[in-house]
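Everything below concerns the one structure shown next.
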Amino acid sequence: MSIFNVAIHPYRYISCDKFHNTILLSLVTKKKEEEESEISIMENMDESFFQETEHRPKQSTIEAEDIPIIDLSPILTSDSSEITNLVAQIGDACKKWGFFQVINHGVPSTCRQKIERASKEFFLLPTEEKRKVSRDEDNPMGFYDTEHTKNVRDWKEVFDFVVENPTLLPASHEPHDTELRELKNQWPDFPNNFREACEEYARGIEKLSYKLLELIALSLGLSSKRLNNYFKDQTSFMRLNYYPLCPIHHLALGVGRHKDPGALTVLAQDDVGGLEVKRKADGEWIQVKPTPDAYIINVGDIIQVWSNDRYESVEHRVIASSNKERFSVPFFFNPSHYVMVEPLEELTNEESPAKYKAYNWGKFFTTRNLSNFKKLNVENIQIYHFRNGDL
493 MSIFNVAIHP YRYISCDKFH NTILLSLVTK KKEEEESEIS IMENMDESFF QETEHRPKQS
553 TIEAEDIPII DLSPILTSDS SEITNLVAQI GDACKKWGFF QVINHGVPST CRQKIERASK
613 EFFLLPTEEK RKVSRDEDNP MGFYDTEHTK NVRDWKEVFD FVVENPTLLP ASHEPHDTEL
673 RELKNQWPDF PNNFREACEE YARGIEKLSY KLLELIALSL GLSSKRLNNY FKDQTSFMRL
733 NYYPLCPIHH LALGVGRHKD PGALTVLAQD DVGGLEVKRK ADGEWIQVKP TPDAYIINVG
793 DIIQVWSNDR YESVEHRVIA SSNKERFSVP FFFNPSHYVM VEPLEELTNE ESPAKYKAYN
853 WGKFFTTRNL SNFKKLNVEN IQIYHFRNGD L
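One rule links them: number in the working numbering = place in the sequence shown (from 1) + 492.
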């Protein structure tokens with residue numbers, strides 16, 4: 493026994509050994525209580541949220557230092573030499589990352605602030621109030637809190653609305669069914685300015701999306717307007733995302749790994765972060781650090797096919813957090829439902845033949861959305877299902 497004593501009260505002393513044992517017992521007891529609490533949470537948690545072991549988030553994250561941040565101010569000033577340099581930057585980012593951020597983009601900050609405020613006010617309403625505008629398989633616009641990605645439930649709530657109201661899409665995924673259906677927006681009664689904020693923001697991001705589309709076209713050696721006509725009757729939509737606090741953040745994901753099926757995605761994320769991109773060079777998951785007033789741009793599957801694999805749609809996901817709620821607003825820039833997606837004629841030749849068979853965008857999108865509402869027994873449709881087998 494130690495000969496030293498430790499004062500734990502002005503009138504009481506105990507030996508160091510006894511003090512050490514008391515502290516150790518306290519730590520063991522605390523750890524046991526934490527483990528029991530976690531077991532209790534696990535027993536009461538819906539297992540549909542649980543990712544397979546190999547897809548669960550790592551305890552440590554790698555923060556991206558080199559995802560490009562591109563200044564778009566040259567397109568606002570029409571400086572031809574600077575635009576040439578800008579086009580080169582866009583092309584390099586699309587090749588190396590499939591992701592980049594843009595600043596000085598021309599979207600008013602007040603417009604973004606309005607939709608972020610409206611989004612928070614909506615998602616903090618009681619669940620029964622939000623469910624008054626619930627979406628379903630018949631009308632997939634509105635509120636939803638049980639979405640699945642790759643057959644695993646996401647830890648998030650969403651509110652979707654189309655940019656063109658109404659928007660036409662195929663009524664079913666069946667190849668020979670030519671019937672169309674209208675997607676129509678539904679708006680909540682509260683917050684009062686919700687619809688106005690959403691529609692104003694959508695108009696601003698739509699303009700930015702066309703600018704980005706033209707820069708990407710130029711970077712591929714095409715005329716700036718080459719891709720614009722594909723969006724004449726666009727099927728673009730916007731989503732408000734809310735990621736609540738997650739007590740099983742080591743098992744679940746805000747959004748599971750996926751690639752975006754459309755042409756471009758323009759994302760506004762808050763200062764919490766959580767977006768991770770799978771780095772092409774080594775397959776590591778890299779967290780995209782939030783940049784004030786920037787938008788995160790990623791190339792979708794359609795650009796990959798149009799470019800005949802010059803540019804690649806990259807996997808990404810969202811990490812859930814036990815510390816902070818997260819909000820984000822993605823804009824999914826999609827072409828008309830009748831567009832046949834295939835490698836562009838200008839980008840194919842004998843040395844570089846078309847790597848994909850043509851597919852109808854509307855049917856592809858309708859099929860892809862089947863897994864949003866329920867777990868499927870098969871893998872959802874992907875662009876590699878249309879890859880030419882002899883290449």
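No residue lacks a Cβ here, since even glycine has one placed at the ideal position from N, Cα and C. This one's a predicted model, so the numbers in the text were calculated from it and none came from an experiment.
Taking C-beta atoms under 8 Å as the contact rule, Ile875 and Gln796 qualify, at a distance of about 7 Å. Selection Pro822, Leu617, Tyr848 evaluated against Ser701 yields Pro822 as nearest (Cα-Cα). Approximately 4 Å separates the beta-carbon atoms of Cys738 and Ala812; this is inside 8 Å, confirming the contact. Annotation for Asn657: no beta strand (DSSP E) segment contains it, and DSSP assigns it neither H nor E. When secondary structure is reduced to three states using DSSP, Tyr693 falls in the helix class. DSSP places Glu776 outside both helix and strand once states are collapsed to three, so it counts as coil.
By the CB criterion at 7 Å, Ile778 and Ile554 fall inside the cutoff. Around the beta-carbon of Lys699, fewer than 16 other beta-carbon atoms lie within 10 Å, marking it exposed. For the 7 Å CB-CB criterion, Ser728 and Val655 form a contact. In the displayed model, Thr757 falls within a strand according to three-state DSSP.
For Ile794, the uninterrupted alpha helix (DSSP H) segment begins and ends at 793-798. Given a length threshold of 3 residues, each whole run of the beta strand (DSSP E) inside the stretch 659-691 is given here in chain order: 659-662, 672-675. Taking C-alpha positions only, Tyr636 is separated from Trp679 by approximately 13 Å. In terms of CA proximity to Ser828, Asn721 leads the group His668, Glu776, Ser844, Asn721.
Here Tyr876 carries a helix assignment [DSSP, helix/strand/coil]. Secondary structure note for Pro822: its beta strand (DSSP E) is the uninterrupted segment 818-825. Counting along the chain, Phe614 sits inside no beta strand (DSSP E); it lies in the alpha helix (DSSP H) bounded by residues 601-615. When the alpha-carbon of Lys770 is set against those of His808, Lys816, Phe857, the nearest one is in His808. Within the stretch 554-581, complete beta strand (DSSP E) segments of at least 3 residues are found at 561-563, given in chain order.
Taking a C-beta distance under 7 Å as the contact criterion, Ser611 and Phe819 qualify as a contact pair. Contact annotation: Met730 and Ala694 have beta-carbon atoms nearer than 7 Å. Secondary-structure assignment with DSSP links Gln593 through a beta bridge to Ile561, Ile788.
Contact check for His742 and Arg548: beta-carbon distance about 6 Å, within the 8 Å limit, so the pair qualifies. Apart from sequence neighbours up to five positions away, the residues of its chain that approach Val806 with a beta-carbon distance below 8 Å are Trp589, Gly590, Phe591, Lys751, Val769, Lys770, Lys772, Asn790, Val791, ordered along the chain.
Within the model, the alpha-carbon separation for Pro566 versus Ser572 is close to 8 Å. Apart from sequence neighbours up to five positions away, the residues of its chain that approach Arg687 with a beta-carbon distance below 7 Å are Trp679, ordered along the chain. For Gln726, the pairing in a beta bridge is given by DSSP as Ser828. Going by DSSP, Phe635 is part of the beta strand (DSSP E) stretching over 634-636. When DSSP reads this structure, Thr641 sits in a beta bridge with Val644. Here Leu719 has Leu705, Ala709 as same chain residues with Cβ atoms under 6 Å from its own Cβ, once five neighbours each way along the sequence are excluded.
Within the same chain, and ignoring the five residues on either side of Arg673 in sequence, the residues whose Cβ sits closer than 7 Å to its Cβ are Leu661, Ala663. A Cβ-Cβ distance of about 14 Å is found for the pair Gly748 and Val650, leaving them out of contact under the 8 Å criterion.
Residue state for Tyr702 is assigned as helix, using DSSP reduced to three classes.
Close CB contacts of Val625 within its chain, under the 8 Å cut and outside five residues either way in sequence, are with Gly634, Phe635, Phe651, Gln678, Trp679, Pro680 (chain order). By the CB criterion at 7 Å, Gly746 and Tyr734 fall outside the cutoff. Secondary structure note for Glu620: its alpha helix (DSSP H) is the uninterrupted segment 619-622.
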